[in-house]
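Some notes on the structure that comes next.
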Amino acid sequence: MGSAKGLGNNDNQPRSYWRWSKQDFFPEQSFQSWDNYRTALSQTCFRFKDRLISRSDDASEVGEVRKQSENDMKKCLNWWDLTWFGFGAVIGAGIFVLTGQEAHYQAGPAIVLSYVVSGLSAMLSVFCYTEFAIEIPVAGGSFAYLRVELGDFVAYITAGNILLKSIVGAAAVARAWTSYFATLLNRPPNSLRIQTPHLANNFNLLDPIAVAVLFISATLAMLSTKKTSVFNWVSTALNTVVILFVIIAGFVHSNSSNLTPFLPYGANGVFQAAAIVYFAYGGFDNVATMAEETKNPSKDIPLGLLGSMSIITVIYCLMALSLSMMQKYTDIDPNAAYSVAFQSVGMKWANYLVSLGALKGMTTVLLMRALGEARYTTHIARAHMIPPWFALVHPKAGTPINATLFITILSACIAFFSSLGILSSMVSISTLFIFAMMAVALLVRRYYVRGITPQRNLFKLVAFLLIIIASSMGTSAYWGLRPNGWFGYTITVPFWFLGTMGIQLFVPQQRIPKVWGVPLVPWLPSLSIAMNLFLMGSLGFEAFVRFGICTIVMLVYYLFVAVHTTYDLAHQDQMSDPAKDVEDNN
204 MGSAKGLGNN
214 DNQPRSYWRW
224 SKQDFFPEQS
234 FQSWDNYRTA
244 LSQTCFRFKD
254 RLISRSDDAS
264 EVGEVRKQSE
274 NDMKKCLNWW
284 DLTWFGFGAV
294 IGAGIFVLTG
304 QEAHYQAGPA
314 IVLSYVVSGL
324 SAMLSVFCYT
334 EFAIEIPVAG
344 GSFAYLRVEL
354 GDFVAYITAG
364 NILLKSIVGA
374 AAVARAWTSY
384 FATLLNRPPN
394 SLRIQTPHLA
404 NNFNLLDPIA
414 VAVLFISATL
424 AMLSTKKTSV
434 FNWVSTALNT
444 VVILFVIIAG
454 FVHSNSSNLT
464 PFLPYGANGV
474 FQAAAIVYFA
484 YGGFDNVATM
494 AEETKNPSKD
504 IPLGLLGSMS
514 IITVIYCLMA
524 LSLSMMQKYT
534 DIDPNAAYSV
544 AFQSVGMKWA
554 NYLVSLGALK
564 GMTTVLLMRA
574 LGEARYTTHI
584 ARAHMIPPWF
594 ALVHPKAGTP
604 INATLFITIL
614 SACIAFFSSL
624 GILSSMVSIS
634 TLFIFAMMAV
644 ALLVRRYYVR
654 GITPQRNLFK
664 LVAFLLIIIA
674 SSMGTSAYWG
684 LRPNGWFGYT
694 ITVPFWFLGT
704 MGIQLFVPQQ
714 RIPKVWGVPL
724 VPWLPSLSIA
734 MNLFLMGSLG
744 FEAFVRFGIC
754 TIVMLVYYLF
764 VAVHTTYDLA
774 HQDQMSDPAK
784 DVEDNN
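Following my numbering, the numbering of the sequence shown begins with 204 at its first residue and continues without gaps.
Structure representation (structure tokens):
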């Protein structure tokens, strides 16, 4: 890896942050002229093979790759900041909006079980993120971890899903913010949106308020990480008071008869809802992206990440249960569940408190997303998978302003048109895919080290991983096709067990974590793979269609742009003659 100056910038003098020349976006040799680009395209197959087997390493991610930003982010965070980041990044639109939506349409009172299932899956992923964040404390989060363990191409596909999750996730929260703001004003949830009959359903309610909220949150995130942290923990502390009120008041006004029938839509509804409410746990991965700005990652990250997510899981289950006991699932309002539920038990005034708490929660979620997703984007740009202009860190603010604006503008465009239901399913499938890949990467990290692991052990590891993944996909597919069946599980579950046992018995661990590691390896990462793939399979067909379309778009961009930018960066010493690689391969 080399610095940004090695790719088209020979000026050793400090440059202005506010610049936008072609060299700032495409400094790579392949994009210096049309002839160079045509030559690069003629080498696409060779370059793709090179990127497919290429892997980064810990030292490069922590050292050389960070130089692409020209300025360092400020190390200003501790475990206290990260704990409140966890609360601020997670508790928002998911629990306040999706709980009512999924309880009404999918799970009924068993929505609490949906939160248990998705919470368990999320905690398994938290374990993986914590170990990686300690070992590789950079802003790139899962993108950097996968680039080290699974290679450039897998990291790129994940990067595409990270950006999709970032953009769509922020848009979903912003849309939910508008709904609750309308409720606070004692108006219908869609009353502040502009209806346009000429657009398709789910895209015909324009939301200018969501756009404004996104830009205000982004502005705060760009000014200062530490000041944003202080604002976050104060706001989140106030929101915690509202959450405690919701739980306590909900149980005080509970009626156990509302829990009957407990499974009105069957187990299938529980898992379909779990796949959607997984969105409510999204955001904890943003805490891992703050590792580069953390003073003592080895101590602060486990305390902040594991501590906050453990408490959040309990809070979610209690909130879901209190809602189900307050109001019959058929009467729960899908758009403003808690506010309407309190009105139904004679606490109309609580409507305003709940709406205000929800708004505070969603505001901090947007703020934390603006921080975390911008850092993902920064590291993706450092690897030149998107233009390196987005990797620049402002010298005074110490924040990635360009990356923040990039995510915010795209999120605003989507939030202006799309409904929450469309957005949440897209976020869930991308999130589950990323978390499944993280569990695979953790197993690779523990059992394979380049230059040390014998070839036969590598083949064993790959074979057992394929068995785990295939059996997990088989379980998910069988559930989707035969939700009331059982015979298929007698085949897929034993294969998953044998694949995991095979790693434990026949593949020796090659790396022991230096400070903190995931317990019960390979069982917990393998279970994480199975649960994430199972929840993916519980999503609707339309979610997979959108996922497939987005993946195809990512591949087209990769073959025409990213494979060449990343190849040039990795081989920049050979780039003085664009035809050199062709000659070398003849």
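Cβ coordinates follow ideal geometry from the N, Cα and C atoms, glycine included.
Span of the alpha helix (DSSP H), counted from its first residue to its last, around residue i
i, result
"PRO603", "It is not in any alpha helix (DSSP H) - PRO603 carries neither H nor E in the DSSP assignment."
"SER257", "Looking at the DSSP string, SER257 is not in any alpha helix (DSSP H), and its letter there is neither H nor E."
"ALA310", "Neither: ALA310 is in no alpha helix (DSSP H) and is coded neither H nor E."
"ASN660", "658-684"
"THR769", "766-773"
"THR693", "692-709"
"ALA553", "553-585"
"THR542", "It is worth fixing the name first, because residue 542 is Ser in this sequence and not Thr. Its alpha helix (DSSP H) spans residues 540-547."
"ILE515", "510-529"
"THR302", "302-305"
Given residue i as reference, the closest of the options once Cα atoms are compared
i, options, result
"SER674", "MET734, PHE384 and CYS753", "MET734"
"LEU441", "THR566, ASP355 and ALA243", "THR566"
"ALA765", "SER621, PHE228 and HIS456", "PHE228"
"LEU646", "TYR519, ALA680 and MET704", "MET704"
"ILE314", "ILE715, PHE330, GLY469 and TYR348", "GLY469"
"VAL748", "LEU509, SER513, ILE370 and ILE632", "ILE632"
"MET676", "LEU409, ALA639 and ALA600", "ALA639"
"ASN489", "VAL329, VAL724, VAL756 and GLN713", "VAL329"
"ILE838", "LEU684, VAL721, SER729 and PRO686", "Past the boundaries of the shown model lies residue 838; the chain is included only from 204 to 789, so the question cannot be answered."
"TYR770", "TYR359, ARG649 and LYS270", "TYR359"
"ALA452", "SER542, ALA421 and VAL759", "SER542"
"GLN546", "ASN389, GLY691, ALA618 and ASN435", "ASN389"
"ALA373", "SER233, LEU574 and VAL357", "LEU574"
"ALA806", "LYS225, ILE397 and PRO312", "Only positions 204 to 789 of the chain appear in this structure, which leaves residue 806 out of reach."
"THR516", "ASP536, TRP221 and GLY485", "GLY485"
"SER622", "ASN393, ALA544, MET641 and GLY311", "ASN393"
"VAL414", "THR381, HIS767, MET425 and SER438", "THR381"
"PHE690", "TYR318, LEU526, ALA577 and THR678", "THR678"
"VAL341", "TRP592, LEU562, ASN499 and GLN658", "ASN499"
"CYS331", "TYR318, GLY343, TYR348 and VAL320", "TYR348"
"ILE370", "VAL630, PRO722 and LEU736", "VAL630"
"PHE234", "HIS767, VAL455 and ARG578", "HIS767"
"ARG572", "VAL320, VAL643 and LEU367", "LEU367"
"LEU684", "PHE346, PHE737, ALA644 and VAL643", "PHE737"
For residue j and residue i, believed in contact at Cβ under 8 angstroms, the rounded distance
i, j, result
"ILE412", "LEU395", "6 angstroms"
"LEU772", "HIS582", "13 angstroms between Cβ atoms; not a contact."
"LEU635", "VAL473", "16 angstroms between Cβ atoms; not a contact."
"SER272", "ARG585", "6 angstroms"
"LEU417", "LEU569", "7 angstroms"
"GLU305", "ALA539", "Going by Cβ atoms, the distance from GLU305 to ALA539 rounds to 14 angstroms, so no, they are not a contact pair."
"SER525", "PRO312", "Contact flag wrong, Cβ pair sits at about 11 angstroms."
"THR399", "LEU409", "6 angstroms"
"PHE299", "ALA544", "Rounded, the Cβ-Cβ distance is 11 angstroms, inconsistent with contact."
CB contact below 8 angstroms: residue i versus chain D
i, result
"PHE465", "Absence of chain D from the displayed structure is noted, only one protein chain being present."
Report the start-end ranges of each alpha helix (DSSP H) in the region 462-500 that is 4 residues or longer and not cut off at the edges.
469-480 and 487-492
Are three or more beta carbon pairs between the region 277-287 and the region 551-566 nearer than 8 angstroms?
no
Threshold first: 4 residues or longer. Then list the alpha helix (DSSP H) segments lying entirely within the region 371-458, N to C.
411-426 and 428-455
Counting pairs of Cβ atoms below 8 angstroms between the region 598-618 and the region 367-387, do you hit three or more?
yes
Please go through the region 228-288 and give each complete alpha helix (DSSP H) segment of 4 or more residues, from N-terminal end onward.
237-245, 247-256 and 261-265
Can you confirm whether the region 643-662 touches the region 740-758 when touching is taken to mean that 3 or more C-beta pairs between the two stretches lie within less than 8 angstroms?
no
Is it true that the region 528-540 meets the region 451-465, where meeting means three or more beta-carbon pairs spaced less than 8 angstroms apart?
yes
Is it a yes or a no for the region 478-495 touching the region 313-328, going by three-plus beta-carbon pairs under 8 angstroms?
yes
Unbroken alpha helix (DSSP H) runs of length 4 or more, entirely within the region 315-378: which are they?
345-352
Ignoring anything shorter than 4 residues or poking outside the region 705-759, list the alpha helix (DSSP H) runs there in chain order.
726-740
I want to know whether the region 262-272 touches the region 357-371 - three or more CB-CB distances under 8 angstroms.
no
Under 8 angstroms, with one C-beta from each stretch per pair, do the region 337-354 and the region 663-674 reach the 3-pair mark?
no
Is there contact between the region 280-289 and the region 425-437, where contact requires at least three CB pairs shorter than 8 angstroms?
yes
Report yes or no: do the region 452-460 and the region 241-258 share at least 3 C-beta pairs separated by less than 8 angstroms?
no
Check whether the region 331-338 and the region 716-730 are in contact - that is, three or more C-beta pairs closer than 8 angstroms.
yes
Could you say if the region 286-295 and the region 501-517 meet the contact criterion of at least three C-beta pairs nearer than 8 angstroms?
yes
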